[in-house]
Amino acid sequence: MEEKELSDYITAFRRNKPQFGAILTGILFLSLLFAALLPPTYRSTATILIEEQEIPPDLVRSTITTYATQRLQMISQRVMTRNNLNRIMEKFELYPDARQRLTEEEVIRRMREDITLDTISTDIIDPRTGRPSTATIAFTLSYDSGNPELAQRVVNEITSLYLEENLKTRTQRTAETADFLKKETRRMDKYVSVLEKTLADFKEKNLNSLPEQKPLNLELMDRTERELMQIDNEILSLEDRKFYLDGQLAQLKPDMPVISSDGERILSPEDRLKSLKTEYLALSSRYSDKHPDVIKARLEIDSLRMNANDTDGGLDLAKHLTGLDGELAALRKKYSENHPDVVNLKNRISVLDEELKKVQRTRTIREIGTGQPENPAYITLQTQRDGAVQDLRALRQRREELKEKRTEYENRLLQTPRVERQYLELVRDYDNATARYRELRAKAMEAEVAEELEKRRKGERFSVIEPPMLPEKPIKPNRPAIAFLGALLAVAGGLGYVLLMENMDKSVRGPKWVTASAGRPPLAVIPYFRTDEEVSDRQKMKTVAMLTGLGLVLLILTLVHWLWIPLDVLWFKSLRKMDSILS
Amino acid sequence: MESISRALGQHHQDAVQASPQIPKGDLVSLESIQYTQTRSVTLSREQLRRQRIIAGYGPCAFVDAYKILRTRVLHQMREQGWNTLAITGPGAGCGKSLTAINLALSIALEVHQTVLLADVNLRDPAIHRYLGIEPIAGLSDHLMDNVPIQKILLNPRGIGRFVVLPGKRPIFNSSELIASPKMVQLVKELKHRYPSRFVVFDLPHLGTADALSFAPYVDAAILVVEEGKTTQDELSRAIASLDGIPLVGLVLNKAETGSVE
């Protein structure tokens, strides 16, 4: 089997010319019809600039840091919700047919397809990373519709939705950030207060053991130590002095010795009283009270007592009473109660008791007036000694005090390391918390400023630089292109048909094929011969076909004229259309 | 049979005189030729032209193509000493009858050779229709009803050395008839009576048993292939079925104008 050559195809083409022509005109006609009848689609577009914030970001930084593209996508998602789209559709009565025929889902999808969002980007060098990248500086929103006015109005609506959504989102986000930071700051503030209080309490509790007190404590201790030493020295010297004074005092009599005119040493009232008392006791035991000697002694004693300072008080009497008691007890063993000795002794004891009681009563009154030394030297020494003793006592007391102080200081110093550790821990916590608090506070303030920025519309914003225009020319369909493609398709279809027929054709065509299948060339090739009749028939057919075509065209035109649109109107209409297509 | 030969012989002599005018297709000059026993018929020129029979045309590419065929066929036949030729084809309607008529005419008109054109397509005899003649009886009548062959033979008026053995009506048991001894006898007689006579048989296509059963009686065969209709498979099958019968060659009929050589 031989390969088919180009000439085969050419002859095949010649053979199939009518079919080729029919297919060509058919497809061409259909595509032209298609191009002419496709409904026009108008697109209205709004261009929206993404303006940077007015105040330089170095001064006020917004809390929104996502990229514009990302934000745009988010806004898109929020705008293109079913609710929004449904509302727009109802407002402008879009897709009336589709809404009756299709499900809501499909209509919404169609609307989403008709809305186009294109971003306009530019190459920049990212200031943050220093690498080249692209930044979105603007975007366009467009809507396709068969009705130009509708397209414009819908785009207007969608654009305003975008602007609104952007503002809302930004304000909301910055407000959220600011609010969050404020709350955080408040929380941190509380924490810092708690720490502050803890620290203050601690300081108060360990006021003297604080590390900063350490040098002071050391110094204080040192000073106390020195003071103690000094006081010890003073005490020693004072004690020496006291001993010396004691010695001096021992050599002096408090009372001055009184020599009577006869040179006899006059007894002091006390000495006289002592001897009298002894005498009286002896007398009273021997005689009754009425005895003149006893009375005399008694009177003398009384007078003496008035003068002399009875220093010993009832001491002698008590001694004597004790002795008598012992005597009474011995007698009672020997004799009965009624023995005169016993009775006598009892009487004496009772007298002594009376006496003792009297003495005790009067003594306190008399004591003040007694014991006053009279010797001036003695008095001087006595005074000096008394002063020394007093000083000594004061010094001793001071010494005790100082010792106590020193112990306290020592304690303080001992406690300092432990306190220091706790203290440092507390301080560190406090410092950290404060730093964190300060940081948060600064951030919160910054966020507040950013919020204010958004509130006053000074942040990054969308501004419509080109409002949607009323589209004058449809963007679709590209009629010349469709017509051109249709023409190409027509030619291709025709040629394809020819090729297909030729390849499907298994019949013998031309002597070459006879040779190929029979193994020898044909003896003769008889051409197809058209008889005169056939020739004239064809001629007739052609004429008839032409006339029929003409009649058909006329018929169509007439129908169009009467049933659809007057031809002159159609003519001008099509002229306009051609103009719009070509221009 | 003698009458035939005489008639043909006479024809032969007339043809010498007439031959210079024949290429122009001028039938008027040949009208003087008369057949004694063979019935003469008048052919209508319009009919011939309508049926694409070359006798109705002057020199043109179509006529030339048959001349080429004739030359080549005669050359081979003479070389082999053959004088009976069957025209058949792989399928119906590929122009076997027309080829047979035109080839026979071409031989008769230009060469000094008498030609007998026999329509052995008993199922659908067509030659008389092409020539526009109404035969009294056909080949089938001879075979079935013993109608003498002389009564059947026709000589178109104006064309010397050309005798037609037409069919008449279609018959159905054609394959039995065509292989009958009578037919064999007839072929033999036609073939051997005059060695200078050339006999062209128009056969049914090779899809029938008729063609296959008749083919062995002829010296050689020609296959008519119709361009654009006969498939290569059909052609190969036809050649294969002719196995044993010398094939003079093929004729590509109804060729597109571009492929005429």
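Quick mapping for you: the protein sequence lines, in order, are chains A and B.
Those letters in the first sequence? Residues 1 to 583, per the UniProt record's numbering, in order.
Those letters in the second sequence? Residues 1 to 261, per the UniProt record's numbering, in order.
For each residue, glycine too, the CB sits at the ideal point set by N, CA and C.
What does residue i reach in chain B if we use C-beta pairs closer than 8 Å?
i, result
"K506(A)", "T231, Q232, D233"
"V535(A)", "Within 8 Å Cβ-Cβ: nothing; V535(A) doesn't reach chain B, min ~11 Å."
"V514(A)", "V225, L235, L250, L252"
Which residues share a DSSP beta bridge with residue i?
i, result
"F201(B)", "A86(B), A118(B)"
"A220(B)", "L85(B)"
"G249(B)", "I222(B)"
"V42(A)", "Contrary to the premise, residue 42(A) reads as Tyr rather than Val in this sequence. According to DSSP, Y42(A) bridges with S145(A)."
"E51(A)", "R461(A)"
"S40(B)", "N155(B)"
"residue 591(A)", "Since the first residue shown for chain A is 1 and the last is 583, residue 591(A) is missing from the structure and cannot be characterised."
"V525(A)", "L252(B)"
For residue i, I'd like the list of residues in its chain whose CB is within less than 7 Å of its CB, leaving aside the five on either flank, ordered along the chain.
i, result
"A100(B)", "I87, L117, V200, D202"
"N344(A)", "none"
"Q53(A)", "S62, L453, K458, G459, E460"
"K24(B)", "Below a pLDDT of 50, predicted positions are generally treated as unreliable, and K24(B), at 39, falls in that range; the measurement from the model is reported next regardless. Excluding residues within five positions, the ones whose Cβ falls inside 7 Å are G58."
"P511(A)", "P521, P522, V525"
"L98(B)", "R52, Y130"
Tell me whether residue i sits in a helix, a strand or coil according to DSSP, three-state version.
i, result
"V60(A)", "coil"
"D505(A)", "coil"
"residue 265(B)", "Here chain B has residues from 1 to 261 only, and residue 265(B) is not among them."
"D124(B)", "coil"
"F20(A)", "helix"
"A36(A)", "helix"
"F29(A)", "helix"
"V464(A)", "strand"
"I475(A)", "coil"
"L165(B)", "strand"
"P211(A)", "helix"
"E225(A)", "helix"
"I53(B)", "coil"
"residue 584(A)", "Beyond the ends of chain A as shown, which are 1 and 583, falls residue 584(A); an answer cannot be given."
"V260(B)", "Reliability fails at V260(B), whose pLDDT of 39 lies under 50, so the model's placement of it is uncertain and the value that follows must be treated cautiously. The answer is coil: DSSP assigns V260(B) none of H, G, I, E or B."
"T531(A)", "coil"
"V514(A)", "helix"
"T231(B)", "strand"
"I437(A)", "A small fix is needed here, since residue 437(A) is Tyr in this sequence, not Ile. Three-state DSSP puts Y437(A) in a helix."
"K205(A)", "helix"
Name the chain A residues that come within less than 7 Å of residue i, Cβ to Cβ?
i, result
"R50(B)", "T531, E533"
"I239(B)", "A518"
"L69(B)", "L523, A524"
"E228(B)", "Glu is not the amino acid found at residue 228(B); the sequence shown has Gly there. By Cβ distance, chain A contributes S507, R509."
Starting from the C-beta of residue i, find all residues in its chain whose C-beta is less than 6 Å away, skip the five residues before and the five after it, and write them out in chain order.
i, result
"P477(A)", "L38"
"I88(A)", "E157"
"S140(B)", "L122, I171"
"N155(B)", "Y35, T38, S40, V163"
"I133(B)", "V41"
In chain A, which residues lie less than 9 Å from residue i when you measure between Cβ atoms?
i, result
"residue 262(B)", "Any answer about residue 262(B) is impossible in this case: the structure gives chain B only from 1 up to 261."
"Y66(B)", "A524, I526"
"E256(B)", "T11, R14, R15, R509, G510, P527, Y528"
Do residue i and the ligand MN come close, with the Cβ less than 7 Å from some heavy atom?
i, result
"L453(A)", "The ligand MN is absent from the structure shown, which contains no ligands of any kind."
What in chain A is Cβ-close to residue i, meaning under 8 Å?
i, result
"residue 262(B)", "A question about residue 262(B) goes unanswered here, because the residues of chain B that appear run from 1 up to 261."
"R123(B)", "Under the 8 Å cutoff, chain A gives no residues; its nearest Cβ is about 24 Å from R123(B)."
"L73(B)", "It should be noted that the sequence gives Val, not Leu, for residue 73(B). Within chain A, the residues near V73(B) are L523."
Please list, in chain order, all residues of the same chain as residue i whose beta carbon is under 8 Å from its beta carbon, the five residues on each side excluded.
i, result
"M80(A)", "R112, I115"
"T134(A)", "S121, T122, D123, I124"
"T11(A)", "R509, G510"
"R71(A)", "I64, N166, T169"
"K242(A)", "R385, A388, V389, L392"
"V225(B)", "G89, P90, C94, L235, L250, V251, L252, N253"
Of all the alpha helix (DSSP H) runs that stay within the bounds of the stretch 91-115 of chain B, which reach a length of 4 or more residues?
96-110
Which ranges would you report for the alpha helix (DSSP H) in the stretch 324-405 of chain A if only whole runs of at least 4 residues count?
340-367
Unbroken stretches of the beta strand (DSSP E), 3 residues or longer, contained in the stretch 104-185 of chain A
115-125, 132-145
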